[in-house]
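**Student:**
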Amino acid sequence: MANKDLEGKGAIITGSSRGIGAATAQLIGERGAGVVVNYRSKAPRAKKVVKGIEEAGGKAVAVQSDLTESQGTQALVDAAVENFSSVDLLILNASGGMESDRGEDYALTLNRDAQVNMVQAAMKVMPKGSQIIFVTSHQAHFIHDVSTMDAYEPVARSKRAGEDALRAMTPALDELGITLTIVSGDMIEGTITATLLNRAEPGAIEARREAAGKLYSVEEFAAEIAALVNKPGLGQAHTELVGGAEDFLARSR
Numbered sequence: 001m002a003n004k005d006l007e008g009k010g011a012i013i014t015g016s017s018r019g020i021g022a023a024t025a026q027l028i029g030e031r032g033a034g035v036v037v038n039y040r041s042k043a044p045r046a047k048k049v050v051k052g053i054e055e056a057g058g059k060a061v062a063v064q065s066d067l068t069e070s071q072g073t074q075a076l077v078d079a080a081v082e083n084f085s086s087v088d089l090l091i092l093n094a095s096g097g098m099e100s101d102r103g104e105d106y107a108l109t110l111n112r113d114a115q116v117n118m119v120q121a122a123m124k125v126m127p128k129g130s131q132i133i134f135v136t137s138h139q140a141h142f143i144h145d146v147s148t149m150d151a152y153e154p155v156a157r158s159k160r161a162g163e164d165a166l167r168a169m170t171p172a173l174d175e176l177g178i179t180l181t182i183v184s185g186d187m188i189e190g191t192i193t194a195t196l197l198n199r200a201e202p203g204a205i206e207a208r209r210e211a212a213g214k215l216y217s218v219e220e221f222a223a224e225i226a227a228l229v230n231k232p233g234l235g236q237a238h239t240e241l242v243g244g245a246e247d248f249l250a251r252s253r
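Under full-length UniProt numbering, the first residue of the sequence shown is numbered 1, with each subsequent residue one higher.
Next comes the structure, spelled out in structure tokens:
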């Protein structure tokens, strides 16, 4: 029986129709929060996530929204308020930029600008004691010190720009009593990013698996994200490094 510590809370999880976002949504729903499941274009997948949460006794609603459009971020906030009365938790999981069909500025638009816009929209309604979690990767978090694969570099730089932009917002978040938490993971087995990277640079996943000792599955990483929700004693802008960051830390000293 899951701990119902999020009963009565409203949560938005961006990019939650599949992968890490979907697995995190399931865990948050099991803890009693009403979850806004966000998808860009795949409605059936999002509805399946909602169904999974409801079957486990939770509450959820699927909302179509492209975060790179300003009305997209507002639609998620409105849905959380309408369905669950508040936004107490915002998990910024949506990211991308390896898609070849979205234009050259897409990575920065999604991984930095859309994240900031989402936080600005949510901050207006988030009560004191709320939490924002930004999900990133070691490849992005350490990009200033440790180089990454060529195919991933624009994405890594844009995600780090997003992280830096959110960190710059902490004085405003402090005033509102909202905590920002950064969670950084290694490459995750079976995600679309890992698949695209391995296609661009065959052997990339195997090399990371060797360097890290092990790579997390989607479910394992989602559990680490969920474990930071409502965790007591987290400082403002705390960074949680999940699994296999030792070689990054050693190279960035």
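Cβ atoms here follow ideal geometry from the backbone N, Cα and C, with glycine treated the same way.
Among 33, 211, 154 and 249, which one has its Cα closest to the Cα of residue 110?
**Tutor:** Among 33, 211, 154 and 249, the Cα nearest to that of residue 110 belongs to 154.
**Student:** Can you round the beta-carbon distance between residue 131 and residue 179 to whole angstroms, since I take them to be within the 8 Å contact cut?
**Tutor:** Rounded, the Cβ-Cβ distance is 5 Å, consistent with contact.
**Student:** In chain order, what residues of the same chain have a beta carbon less than 8 Å from the beta carbon of residue 5, not counting five sequence neighbours either side?
**Tutor:** Excluding positions up to five away in sequence, the list reads 31, 32 and 230.
**Student:** DSSP on residue 12, reduced to helix/strand/coil?
**Tutor:** In the structure shown, residue 12 sits in a strand (DSSP, three-state: E or B).
**Student:** Which parts of the segment 115-179 are runs of the beta strand (DSSP E), unbroken and 3 residues or longer, counting only runs that do not cross its ends?
**Tutor:** For the segment 115-179, whole beta strand (DSSP E) runs of length 3 or above, ordered along the chain, are 131-137.
**Student:** For the beta strand (DSSP E) holding residue 37, just list the boundary residues, first then last.
**Tutor:** That run of the beta strand (DSSP E) goes 34-39.
**Student:** Only counting runs of 3 or more residues, tell me where the beta strand (DSSP E) segments fall wholly within the segment 198-242, in order along the chain.
**Tutor:** DSSP runs (the beta strand (DSSP E)) wholly in the segment 198-242: 238-242.
**Student:** Under 8 Å: do the segment 215-225 and the segment 148-166 share three or more Cβ pairs, one atom per stretch?
**Tutor:** They do not touch, by the three-pair rule.
**Student:** Do you know how far the Cα of residue 62 is from the Cα of residue 13?
**Tutor:** Straight-line Cα distance between these residues: approximately 10 Å.
**Student:** List the DSSP bridge partners of residue 59.
**Tutor:** According to DSSP, which records beta bridges pairwise, residue 59 is partnered with 34.
**Student:** Run through DSSP, which three-state label would residue 191 get?
**Tutor:** Here residue 191 sits in coil by DSSP.
**Student:** Run the CB neighbour count on residue 9, radius 10 Å, all protein chains shown included, and call it buried at 16 or more, exposed below.
**Tutor:** Residue 9 should be labelled buried.
**Student:** Smallest Cα separation from residue 82: which of 67, 53, 45 and 36?
**Tutor:** Of the candidates 67, 53, 45 and 36, the one whose C-alpha sits nearest the C-alpha of residue 82 is 36.
**Student:** Where does residue 185 sit, in a helix, a strand or coil, going by DSSP?
**Tutor:** In this structure, residue 185 counts as strand in the three-state DSSP scheme.
**Student:** For the pair the segment 85-95 and the segment 129-147, tell me if three or more CB-CB distances fall below 8 Å.
**Tutor:** Touching, yes.
**Student:** For a test of the three-state rule: what should DSSP assign to residue 108, helix, strand or coil?
**Tutor:** Helix at residue 108.
**Student:** Check the C-beta distance from residue 242 over to residue 184 and give it rounded, since I have them as a contact under 8 Å.
**Tutor:** Contact holds; Cβ gap of about 7 Å.
**Student:** I need the straight-line Cα distance from residue 191 to residue 19, nearest angstrom please.
**Tutor:** Those two C-alpha atoms are separated by around 6 Å.
**Student:** Taking the alpha carbon of residue 107 as the point to measure from, which residue in 152, 145, 70 and 234 has its own alpha carbon closest?
**Tutor:** Ranking 152, 145, 70 and 234 by Cα distance to residue 107 puts 152 first.
**Student:** Assuming residue 237 and residue 170 form a contact by the criterion Cβ under 8 Å, report the distance between their Cβ atoms to the nearest whole angstrom.
**Tutor:** Rounded, the Cβ-Cβ distance is 5 Å, consistent with contact.
**Student:** Taking the CB atoms as reference points, tell me whether residue 125 and residue 252 lie closer together than 8 Å.
**Tutor:** No, these two residues do not count as a Cβ contact at 8 Å.
**Student:** Answer yes or no: the CB of residue 163 versus the heavy atoms of the ligand NAD, is any distance below 7 Å?
**Tutor:** Ligands in the displayed structure: none, and consequently the ligand NAD is not present.
**Student:** Mark residue 16 as exposed unless 16 or more other C-beta atoms lie within 10 angstroms of its C-beta, in which case mark it buried.
**Tutor:** So residue 16 counts as buried.
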